[in-house]
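Visitor:
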Amino acid sequence: MLKRSLALGIVSGLLAGIVSLAYAKIYHSSLGADFSTVAGMTSILAGSVFGGLLAAFGYWLLTKWLRQKGEIVFNLLFVILSFASVLAPFAVKLPLTLEAPELFPGMVVPMHFFPALAWLTLKPLFFPSPDLSGNSVNKVF
Amino acid sequence: MKVFKKFMVPVLALVLLTGSAFTFIAAQEWQIAEGYSIGFSSNDAGGIFKDFKGNIVFDEQNPAASRFDVTIEVASINTGNGLQNKHAKSEEWFDAAKFPQIRYVSQKIVKAGSGYQSTGDLEVHGVKKAMTIPFTFQKTAKGGIFTGTFNVNRNDFHIGKPGGEVGEVIKIDVSVPVTKK
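Line by line, the protein sequences give chains A and B.
Take 41 as the starting number for the first sequence in the working numbering and just add one per residue.
Take 3 as the starting number for the second sequence in the working numbering and just add one per residue.
Below is the structure:
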């Protein structure tokens, strides 16, 4: 269970990182804002994988602790924490040499949702639905 | 020819003397070079102004003939945070729409210790106040560099509300490289 969670966390983190890098490139080419010195390729990828790993541990702990309701609580927490984390880019103080710091949240905020989106997208591949796999259905309600 | 010599020689001498006198009085004009820094800091906020221009006339040997007339574009403020930048330009603080420039015009520049002191009028947020700014001037290969640090009380210029999180005394750090005009 933990192994599959970690695998999902790493793969979804990598996917989120790749999508984030693509978004950063589009953002830079369309608006001209370059924040590569504070949000470079390595930090974006590392941050996304870290988010995925954190989610993996959270998922493992919650499904172990709350069993059937663990997944619902995990999904809610993941989305709420992703929303809450968008406050950070608005509060961050960038180096004074960077132009137009007001454009920074526009680049980083969407990236905070990519790990959750990637996780939810890839989860059926790592944890197949009980109906499809033929296992017994775990009813939550 | 004798008449010419009689009148022209004193006239030429007078012209040369007058010319040399003006040459002595006229101080060097300087052009603001790239790499200048107009920074400010307090206990809570800090940042820079990116657009700075003006006329600088300065002679180390003759500070009395020197003069500064410089302006800063308020809208060029950068605190490193987009929300703080917007807040700083708002009506409550600098009101950049109504008072787009900060201006300093020197009235008197004197030698003071190892550096100099400029007394003049600082106009910020529509309020003009006399301000003495200590500074130093160091010659460089390309020209020179002016540096100075001084404090401004933002309440004197009605910037922000008294008290609050942002300190009332703002430290200003100026570093302006110049080249000869």
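A virtual CB, placed ideally from N, CA and C, is assigned to each residue, including glycine.
#1: Select from B:Ala-66, B:Glu-31, B:Phe-148 the residue whose C-alpha is nearest the C-alpha of B:Tyr-38.
#2: Kindly identify the DSSP beta-bridge partner or partners of B:Ser-39.
#3: Please classify A:Leu-42 as buried or exposed, where buried requires at least 16 other C-beta atoms within 10 Å of its C-beta.
#4: Over the uninterrupted alpha helix (DSSP H) stretch that includes A:Met-147, give me the two end residues.
#5: Please classify B:Pro-164 as buried or exposed, where buried requires at least 16 neighbouring CB atoms within 10 angstroms.
#6: Report the rounded CA-to-CA distance for A:Phe-167 versus A:Glu-142, giving the unit in angstroms.
#7: Provide the residue span of the beta strand (DSSP E) that contains B:Pro-136, from first to last.
#8: In the region 116–171 of chain A, which residue ranges form an unbroken alpha helix (DSSP H) of at least 4 residues, counting only runs that do not cross its ends?
#9: Would you verify that the beta carbon of B:Asn-80 is, or is not, closer than 7 Å to some beta carbon of chain A?
#10: Measure the C-alpha to C-alpha separation of B:Ala-23 and B:Gln-103 and round it to an integer number of angstroms.
#11: Return the chain-ordered list of same chain residues with a C-beta closer than 8 Å to the C-beta of B:Val-129, the five sequence neighbours on each side being excluded.
#12: Is the shortest distance between the beta-carbon of B:Gly-169 and the beta-carbons of chain A less than 7 Å?
#13: Could you check whether B:Asn-80 and B:Ile-50 sit closer than 7 Å to each other, using their CB atoms as the reference points?
#14: Give the list of continuous beta strand (DSSP E) stretches no shorter than 3 residues that lie fully inside the region 36–96 of chain B.
Guide: In terms of the structure at hand:
#1: B:Phe-148
#2: B:Ser-177
#3: exposed
#4: 144–148
#5: exposed
#6: 40 Å
#7: 129–141
#8: 127–131, 144–148, 154–166
#9: yes
#10: Bear in mind that the predicted position of B:Ala-23 carries a pLDDT of just 47, short of 50, making it unreliable; the figure below should be weighed with that in mind. If you take the alpha carbons of B:Ala-23 and B:Gln-103, they lie about 37 Å apart.
#11: Asp-158, Phe-159, His-160
#12: no
#13: yes
#14: 39–43, 48–51, 54–59, 69–75
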